[in-house]
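There are 2 protein chains.
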Amino acid sequence: MRYLVTGCAGFIGSTLTDRLLAAGHEVVGYDNFSTGREDFLLLARQSRNFSLVRGDVLDSQTLAQAMDGVEFVFHLAGNADVRFGTAHPRKDLEQNTIGTHTVLDTMRRSGVRRIAFSSTGSVYGEARVIPTPEDAPFPVQTSLYAASKLAGEGLIAAFCAGFGFQAYLFRFVSILGERYTHGHVFDFYRQLRAHPDRLAVLGDGRQRKSYLYVQDCINAMLIATQRACDSVNILNLGHDTYCEVNDSIGWICAELGVTPRIEYSGGERGWAGDNPFIFLDTARIRALGWKPMLSIREGVGKTIQYLRTHPHVVDTHP
Amino acid sequence: MRYLVTGCAGFIGSTLTDRLLAAGHEVVGYDNFSTGREDFLLLARQSRNFSLVRGDVLDSQTLAQAMDGVEFVFHLAGNADVRFGTAHPRKDLEQNTIGTHTVLDTMRRSGVRRIAFSSTGSVYGEARVIPTPEDAPFPVQTSLYAASKLAGEGLIAAFCAGFGFQAYLFRFVSILGERYTHGHVFDFYRQLRAHPDRLAVLGDGRQRKSYLYVQDCINAMLIATQRACDSVNILNLGHDTYCEVNDSIGWICAELGVTPRIEYSGGERGWAGDNPFIFLDTARIRALGWKPMLSIREGVGKTIQYLRTHPHVVDTHP
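Chains as they are written, first to last, in the working numbering: chain A, 279 to 596; chain B, 279 to 596.
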């Protein structure tokens, strides 16, 4: 099968690209390299089944060229930064909502009808039901990032109803592992590498997180797209356990052999719009035969090992 | 108080404008007159508390000028056509989602922090809980229109969380009454005026609708903005009863004294994306002390009386 992967040079996109190629598929990779990395595509570029198109998801003409012969779109491009939404109030709208519309409308004109989308567990806002199932009470949005992803979900579902698309909407928890380049674990590692004696932590360290290892995430996406048959398939992807930020700090420090002084900024939220607890009910994806292979601690460990052995990734990240 | 009303020349916008002026407020009306009507503003223009700004909600510069001195924005501008979304897949995105973002960001820059928004009961998709409360199970979108309004809701809630806005998100059923210019009742009246002997009905006539009379709708909006104090106030607005399309046909025919042959197109949906039953739980707005004054039948009657006495509205509607 021939896939288009938008955001192919990103953390999850490049990992998915490698997996699709390894399974014998053709992949057209699409990225504007605003945050994507050339070095994440080194493996993919060795495959004759891979081709790369440089372009933005807002550029429908280049997108249309990239969709030639494509049967399925993994639409992973987007602004993935939850925290600084209020610093650039239009970025999430542009990259995540209008970009998704452009992908959809280009698919419609190109006759491509199947799409998978990287949404977020943040769309549940401050969930009243935890673990949170896909049909939790209608949430209130708490960040521009989540609002932009929810808008993307809505557009995709409307294209399913209006134009006969089939869609897989994945609501992720935080993902980590090889090629991970943002979030708590990355920030903590970078701080401790610079000064092993102290660690600044946003909030009170009690925020609970349910990190999922990237290969487990890809497994779930591939299983879902093979086995789920509804027109609109909405699936939480996360771990069945959670940890506190303080737990992950402990694991990271143990891995690195450091004992820093921890400086908390205080408050239960790391920043305005941070959600102190995202823990998803994953019964739906489990019913399709998926389960995570790695524990949260093992995922954090893999991440630290990756960052230690890939200092250029840490050095060159903005 | 000084209000900005976007979509001031529309059905609901012009009615709200007249009510705000009658209550002694100042109103800056904003409309691009794409569907708004000059004659709906004849009464407002007699007031020295009214000023009109011609502009599109995508034009942030003109919007910013209109917001000078404004304390509260009723953002009612938008594409209100649910049915033909698939004929112009970008229109809802532009007018309802990007337009709402432009209004919000202009408010932020202008220091205006309170907004009311006309959303829709269609955001519940094919609701599993009926009557549908505001915290119904997380829905799947079924039309580009509803998806674009849900995206607007999400943006507004995110601006509340990120920038300290206060918002009133109104999820309307179909509204009718004086100045009503689209929907079943309008279509039926126009058909029967042209040929009283036959009536073409989309679907099977069994679609259930919970029409609300426009002045009851305005009452609810004014009560909510005076009495509800949360940061994000989400309120269903609808009647506590419903009728079938066939009921409204009977009332219209009785009002007009005609007995047409009814030609159903068949199927439980009037069109792809039509929802055969939107019936909202209105306990939340009722708890604020509101109730509708007119029955659904009385609302339909008022509408027909208006259309009969305002033939130019029917004649000049596209």
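We put the beta carbon where it would ideally sit given N, CA and C, even for glycine.
Proximal residues, the region 428-454 of chain B versus chain A, C-beta separation under 7 Å: Leu-428, Ala-429, Gly-432, Leu-433, Ala-435, Ala-436, Ala-439, Gly-440, Phe-441
Tyr-489 (chain B) to Ile-501 (chain B) span [Cα, whole Å]: 19 Å
Own chain residues within Cβ distance below 7 Å of Pro-367 (chain B), not counting five before or after: Leu-422
Beta bridge counterpart(s) of His-353 (chain B) as assigned by DSSP: B:Thr-284, B:Phe-395
8 Å Cβ shell around His-303 (chain B) - same chain, five flanking residues per side excluded: Met-279, Arg-280, Tyr-281, Asn-327
Proximity test, Cβ basis, 8 Å: Ala-425 (chain A) and chain E: Going by chain labels, chain E is absent from the structure shown, which instead holds the protein chains A and B.
Any chain A beta carbon closer than 8 Å to Val-418 (chain B): yes
Residues of the region 406-417 of chain A whose Cβ lies closer than 7 Å to any Cβ of chain B, in chain order: Glu-412, Asp-413, Ala-414, Pro-415, Phe-416, Pro-417
CB contact flag (Asn-553 (chain B), Ser-400 (chain B), <8 Å): yes
Distance CB(Arg-297 (chain A))-CB(Phe-350 (chain A)) smaller than 8 Å: no
Cβ pair count under 8 Å reaching 3, the region 426-446 of chain A against the region 510-518 of chain A: yes
Straight-line gap, Ser-329 (chain B) to Leu-336 (chain B) (C-alpha atoms, nearest Å): 20 Å
Through-space distance from Asn-524 (chain B) to Asp-465 (chain B), alpha-carbon basis: 14 Å
Integer Cβ distance of Pro-538 (chain B) from Asp-482 (chain B), believed to fall under 8 Å: Rounded, the Cβ-Cβ distance is 17 Å, inconsistent with contact.
Residues that Asp-383 (chain A) contacts on chain B, provided the C-beta gap is smaller than 8 Å: Pro-367, Arg-368
Pick from B:Gln-485, B:His-379, B:Cys-495 that is closest to Gly-545 (chain B), judged by C-alpha positions: B:Gln-485
Close-in-space but distant-in-sequence residues of the same chain around Arg-406 (chain A) (CB under 7 Å, 5 per side omitted): Pro-415
CB of Ile-556 (chain B) within 8 Å of CB of Thr-519 (chain B), strictly: no
Member of A:Ala-358, A:Tyr-308, A:Asp-334 whose CA lies at the smallest distance from the CA of Thr-398 (chain A): A:Ala-358
C-beta neighbour in chain A for Leu-422 (chain B), strict 8 Å: yes
Element boundaries [beta strand (DSSP E), containing Ala-478 (chain A)]: 476-479
Within-8 Å CB hit, Gly-592 (chain A) to chain B: It should be noted that the sequence gives Val, not Gly, for residue 592 (chain A). It does not: the Cβ of Val-592 (chain A) has no partner Cβ on chain B nearer than 8 Å.
Run of the beta strand (DSSP E) containing Arg-386 (chain A), from where it starts to where it stops: First-last for Arg-386 (chain A): 377-388, but that is the alpha helix (DSSP H), not the beta strand (DSSP E).
Straight-line Cα distance separating Gly-461 (chain B) from Ser-543 (chain B): 16 Å
Cβ-based contacts, 8 Å cut-off: residues of the region 326-341 of chain A near chain B: none
Whether Thr-375 (chain A) touches Ala-429 (chain B) by CB criterion (8 Å): yes
Cβ-based neighbour list, Gly-567 (chain A), same chain, cut-off 8 Å, excluding 5 preceding and 5 following: Ile-501, Arg-505
Simplified DSSP assignment, three categories, for Thr-410 (chain A): strand
Alpha-carbon to alpha-carbon, Cys-521 (chain B) and Lys-487 (chain B): 5 Å
Contacts that Ile-376 (chain B) makes with chain A (C-beta to C-beta distance below 9 Å): Leu-371, Thr-375, Ile-376
Range of the contiguous beta strand (DSSP E) that encloses Leu-500 (chain A): Careful: Leu-500 (chain A) lies outside any beta strand (DSSP E), inside the alpha helix (DSSP H) at 492-505.
Contact under 8 Å by Cβ, Glu-541 (chain A) with Leu-477 (chain A): yes
Same chain, Cβ closer than 8 Å to Thr-410 (chain A), five either side skipped, listed in chain order: Gly-399, Tyr-402, Asn-514, Ile-556, Phe-557, Leu-558, Asp-559
Minimum Cβ-Cβ distance from His-379 (chain B) to chain A less than 8 Å: yes
Secondary structure of Asp-309 (chain B), DSSP reduced to three states: strand
Where Phe-416 (chain A) sits in the DSSP three-state scheme: coil
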